[in-house]
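Worksheet: the structure to be examined is printed underneath.
In our numbering, the protein residues as written are 55 to 226.
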């Protein structure tokens, strides 16, 4: 659950990415997230792998930057970023609250809704189970989001990182 490949280029301090992991190493077999890998995403020269990267920038009505958010977590990135955006816009949370809020995730296969502890009220879960949905509680976290927001009145930049994962927001 660390960033990148955990390898730095000798003498540079540059952390190498882990994008090769996004290729289908074993087409037809599930990957570590349970997704069935396909031939179209097999490793080939000059090919870009399928990726769930979802870097997102949200602007205020006047066009100024409100916040930017991204995440790590393979196919769970998309729902982590979306839920963070929804928490900011629809639930009036600040960025740290929006990132720290419990999450849910569904990726079609396996056909189950992953949820973090407190990620869903018991009555909502029961209503969805009555409609035939299946659930699996995910201990820890579904994906790890990070972001930055700029205070509208002061212009102060505030970083936020998921409290469930390693790391911290720092700046200068």
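Glycine residues also receive a C-beta, built at the ideal position from the N, C-alpha and C atoms.
Open item on the list: Report the start-end ranges of each beta strand (DSSP E) in the region 131-185 that is 3 residues or longer and not cut off at the edges.
Closed with: 167-169
TODO: Specify the secondary structure class of residue 201 as computed by DSSP and reduced to three states.
DONE: Along the chain shown, one-based indexing puts residue 201 at 147. In the structure shown, residue 201 sits in a strand (DSSP, three-state: E or B).
Task: Beta-carbon proximity of residue 130 to residue 196, cut-off 8 Å - done: As a first step, residue 130 must be located in the chain shown, where it is residue number 76. As a first step, residue 196 must be located in the chain shown, where it is residue number 142. Taking 8 Å as the Cβ cut-off, residue 130 and residue 196 qualify as a contacting pair.
- [ ] For residue 90, write down the residues that DSSP places opposite it in a beta bridge.
- [x] The sequence position of residue 90 within the chain shown is 36, counting from 1. Its beta-bridge partners are 84.
Open item on the list: Can you check which of these residues, 119, 183 and 133, is closest to residue 203 by C-alpha distance?
Closed with: In the chain shown, residue 203 corresponds to position 149, counting from 1. Nearest C-alpha to residue 203: 119.
Open item on the list: Within 10 Å of its beta-carbon, does residue 187 have 16 or more other beta-carbons around it, so buried, or fewer, so exposed?
Closed with: Along the chain shown, read from residue 1 onward, the residue named residue 187 stands at position 133. Burial call: exposed.
Open item on the list: According to DSSP, simplified to helix, strand and coil, what is residue 206?
Closed with: By one-based count along the chain shown, residue 206 stands at place 152. Of the three classes helix, strand and coil, the one that applies to residue 206 here is coil, per DSSP.
TODO: Go through its chain and collect everything with a Cβ distance to residue 84's Cβ below 6 Å, but skip five positions before and after it.
DONE: Along the chain shown, one-based indexing puts residue 84 at 30. Around residue 84: 90.
Open item on the list: With H, G and I counted as helix, E and B as strand and the rest as coil, what does DSSP make of residue 213?
Closed with: Stepping through the chain shown from its first residue, residue 213 is reached at position 159. Residue 213: strand per DSSP, three-state reduction.
TODO: Compute the Euclidean distance between the alpha carbons of residue 151 and residue 59, then round it to the nearest angstrom.
DONE: As a position in the chain shown, residue 151 is number 97, starting the count at 1. As a position in the chain shown, residue 59 is number 5, starting the count at 1. So the two alpha carbons sit approximately 29 Å from each other.
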